[in-house]
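*Asks:* First the structure, which I've put down as structure tokens, then a few questions once you've had a look.
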Amino acid sequence: MVVGNVALHAGMQWARPIVTIAPSVEHRPRMHALLGLWLLSMVFRLAPNVVSSLGAIAGVMHFGSTSALAAFVLSRDPRKRNGFFWLLLLGGTTIEFATNLNSGSKAYLMFSFMPALWLFLRDQKLRRYVPLLSGVMFVWYVSVIAPVVMTSRTARADTHESHMSRIIRTYSRGDYEDEAGTDKQLPRFLERAFDATATACIYSEVERVGFMYGEGMDYLVYAFIPRAIWPDKPSVTRGAWFSEYLGQARSEETATTSLGQTAPGELYWNFGWPGVLLGMSLLGVVCGKLWKLATPFAERDSLRLLLYFGITFQVINMAEAGSAFLSLVYRTVIIGFAIVTTDRMQRSRGRT
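Residue 392 is where the sequence shown starts when you use our numbering, and the numbers rise one by one after that.
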């Protein structure tokens with residue numbers, strides 16, 4: 392695990408942008424661009440049929456509204472933060488949280504507060520409230536978000552019932568109260584966050600049956616086929632499969648939680664130590680190159696901030712190496728192409 396993380400960050404450090412002085416010219420993202428990105432992201436969130444048919448493409452756009460809200464709050468002049476500014480931040484965060492209910496993900500729900508937290512971390516006057524804000528978010532997570540979401544996953548539901556409906560029903564009935572509290576949720580959180588458990592399990596499997604030599608990453612063969620062409624394409628992420636493999640679910644379809652093999656773990660399981668070193672270094676280089684495209688001042692451009700968000704979430708949430716690589720490729724093709732195209736259009740306008 393340590394070797395893999397060192398290789399990842401070594402590759403990222405080699406490829407990342409190095410800037411010592413911020414540009415003197417103040418640049419703010421255009422409001423119509425932020426609104427357009429926000430609306431497009433909302434369409435993907437609120438239209439599950441569109442999301443399911445587009446597959447990973449929709450996943451790339453999921454945090455578009457989060458990026459648009461963050462770009463707005465970070466680029467505003469601190470002297471012009473009036474009541475409307477704070478009302479917009481509160482309303483935007485509320486909408487983020489409400490629409491993320493459809494994901495059924497605890498992490499996505501907590502990411503809803505990222506623009507506000509980022510603002511408080513960057514502003515020197517607001518930074519003193521960060522400990523209080525962090526404490527409130529922790530209590531909110533262990534007392535409401537985690538128990539409600541986990542209880543809703545095991546509750547009986549109609550076949551066509553959405554995650555949002557199930558979560559709201561669980562909360563309104565109070566069925567989650569037995570699972571609330573630090574004594575129950577904190578150990579579960581730490582257990583999930585302790586990646587060494589998964590890698591230790593994989594190491595013991597290698598000692599018992601040997602390496603898989605790519606068989607465990609066979610999903611990459613069909614990963615790039617769009618769901619619009621193949622609606623019944625198997626799941627690319629392997630969290631449910633790993634839960635079944637460990638005996639924590641009877642099948643992938645009935646799994647109520649997703650356990651990540653971790654990127655180093657999957658690479659070791661398939662290719663041993665050489666795979667860990669080369670694979671994690673490659674992932675780090677790709678993340679660094681995309682970071683370079685986003686620039687260190689991504690908040691000045693809505694598309695670049697969307698790319699920056701994607702890189703950040705990818706680095707802290709690499710459930711598998713293959714799915715992480717797939718996600719980075721999609722971000723390169725979709726967001727990277729859009730950034731390069733808009734840059735060329737702006738340069739052409741400047742010449743004329």
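Glycine is no exception: its CB is placed at the ideal position from the N, C-alpha and C atoms. Since the model is a prediction, treat every value here as computed from it, not as a measurement.
Could you spell out where the alpha helix (DSSP H) holding residue 483 opens and where it closes?
*Replies:* Counting from 1 along the sequence shown, the entry for residue 483 is found at position 92. Its alpha helix (DSSP H) spans residues 474-491.
*Asks:* If you reduce the DSSP assignment to three classes, tell me which class residue 620 lands in.
*Replies:* Here residue 620 corresponds to residue number 229 of the sequence shown, with the count starting at 1. In this structure, residue 620 counts as coil in the three-state DSSP scheme.
*Asks:* Please list, in chain order, all residues of the same chain as residue 727 whose beta carbon is under 8 Å from its beta carbon, the five residues on each side excluded.
*Replies:* The residue you call residue 727 lines up with position 336 of the sequence shown. Taken in chain order, the residues that qualify are 681, 684 and 698.
*Asks:* Check this for me: beta carbons of residue 436 and residue 490, under 7 Å apart or not?
*Replies:* The residue you call residue 436 lines up with position 45 of the sequence shown. The residue you call residue 490 lines up with position 99 of the sequence shown. Their beta carbons are under 7 Å apart, which means residue 436 touches residue 490 by this criterion.
*Asks:* Just the Cα atoms here: how many angstroms apart are residue 530 and residue 631?
*Replies:* Position 139 of the sequence shown, counting from 1, holds the residue named residue 530. Position 240 of the sequence shown, counting from 1, holds the residue named residue 631. Whole-angstrom Cα-Cα distance: 28 Å.
*Asks:* In chain order, which continuous runs of the alpha helix (DSSP H) of length 4 or greater are located wholly inside the segment 669-707?
*Replies:* The segment 669-707 contains these whole alpha helix (DSSP H) runs: 693-707.
*Asks:* Among 582, 654 and 558, whose alpha-carbon lies nearest the alpha-carbon of residue 716?
*Replies:* As a working note, residue 716 is residue 325 in the sequence shown. The candidate whose alpha carbon is nearest that of residue 716 is 654.
*Asks:* Going by C-alpha to C-alpha distance, which of 708, 459, 422 and 398 sits closest to residue 585?
*Replies:* Taking the sequence shown and counting its residues from 1, one reaches residue 585 at position 194. If we check each option's Cα against that of residue 585, 708 comes out closest.
*Asks:* Between which two residues does the alpha helix (DSSP H) harbouring residue 538 extend?
*Replies:* Counting from 1 along the sequence shown, the entry for residue 538 is found at position 147. From DSSP, the alpha helix (DSSP H) with residue 538 extends over 537-545.
*Asks:* Using only alpha-carbon positions, find the residue among 607, 454, 520 and 397 that is nearest to residue 434.
*Replies:* Position 43 of the sequence shown holds residue 434. The shortest Cα separation from residue 434 among 607, 454, 520 and 397 belongs to 454.
*Asks:* Measure the CB-CB distance between residue 593 and residue 495 and report whether it falls below 7 Å.
*Replies:* Taking the first residue of the sequence shown as 1, we reach residue 593 at position 202. Taking the first residue of the sequence shown as 1, we reach residue 495 at position 104. The answer is no: Cβ separation not under 7 Å.
*Asks:* On the three-state DSSP scale, how would you describe residue 730?
*Replies:* Counting from 1 along the sequence shown, the entry for residue 730 is found at position 339. Note: residue 730 maps to helix in three-state DSSP.
*Asks:* Roughly how many angstroms separate the alpha carbons of residue 614 and residue 534, rounded to a whole number?
*Replies:* For the purposes of this step, residue 614 is taken as the residue at position 223 of the sequence shown. For the purposes of this step, residue 534 is taken as the residue at position 143 of the sequence shown. Computed Cα separation, rounded: 37 Å.
*Asks:* Can you check the segment 500-525 for any alpha helix (DSSP H) of at least 4 residues that lies completely inside it and give the ranges in chain order?
*Replies:* DSSP runs (the alpha helix (DSSP H)) wholly in the segment 500-525: 505-513.
*Asks:* Does DSSP put residue 712 in a helix, a strand or coil?
*Replies:* Locating residue 712 in the sequence shown gives position 321, counting from the first residue. Residue 712 falls in the helix class under three-state DSSP.
*Asks:* Using the Cβ count rule (16 or more neighbours within 10 Å means buried), how would you classify residue 568?
*Replies:* Locating residue 568 in the sequence shown gives position 177, where the first residue counts as 1. Per the 10 Å Cβ criterion, exposed.
*Asks:* In chain order, what residues of the same chain have a beta carbon less than 8 Å from the beta carbon of residue 511, not counting five sequence neighbours either side?
*Replies:* On the sequence shown, residue 511 is found 120 positions in, with the first residue counted as 1. Only 517, 518, 520, 521 and 524 meet the Cβ criterion.
*Asks:* Beta-carbon within less than 6 Å of residue 611's beta-carbon, same chain only, minus the 5 sequence neighbours each way: which residues are those?
*Replies:* As a first step, residue 611 is located in the sequence shown; it is residue number 220 there, counting from the start. Contacts found: 713.
*Asks:* Is residue 562 helix, strand or coil when you go by DSSP?
*Replies:* Taking the sequence shown and counting its residues from 1, the one referred to as residue 562 is at position 171. Reduced to three states, the DSSP call for residue 562 is helix.
*Asks:* Taking contact to mean 3 or more Cβ pairs, one atom from each stretch, closer than 8 Å, check whether the segment 546-566 and the segment 620-638 are in contact.
*Replies:* Short answer: they don't touch.
*Asks:* Could you give the DSSP three-state label for residue 653: helix, strand or coil?
*Replies:* Walking along the sequence shown from the start, residue 653 turns up at place 262. Residue 653 falls in the coil class under three-state DSSP.
*Asks:* Mind checking residue 385: buried by the 16 CB within 10 Å criterion, or exposed?
*Replies:* Any answer about residue 385 is impossible in this case: the structure gives the chain only from 392 up to 743.
*Asks:* Whose C-alpha, out of 460, 695 and 487, is nearest the C-alpha of residue 476?
*Replies:* In the sequence shown, residue 476 corresponds to position 85, counting from 1. Among 460, 695 and 487, the Cα nearest to that of residue 476 belongs to 460.
*Asks:* Comparing alpha-carbon positions, which option in 609, 480 and 588 lies nearest residue 746?
*Replies:* No answer is possible for residue 746: the residues shown for the chain start at 392 and end at 743.
*Asks:* Return the residue from the list 541, 430 and 595 that minimises the CA-CA distance to residue 576.
*Replies:* Counted from its first residue, the sequence shown places residue 576 at position 185. Answer by Cα proximity: 541.
*Asks:* Using CA coordinates, which residue listed in 403, 398 and 663 is at the minimum distance from residue 702?
*Replies:* Indexing the sequence shown from 1 puts residue 702 at position 311. Of 403, 398 and 663, the residue nearest in Cα terms is 403.
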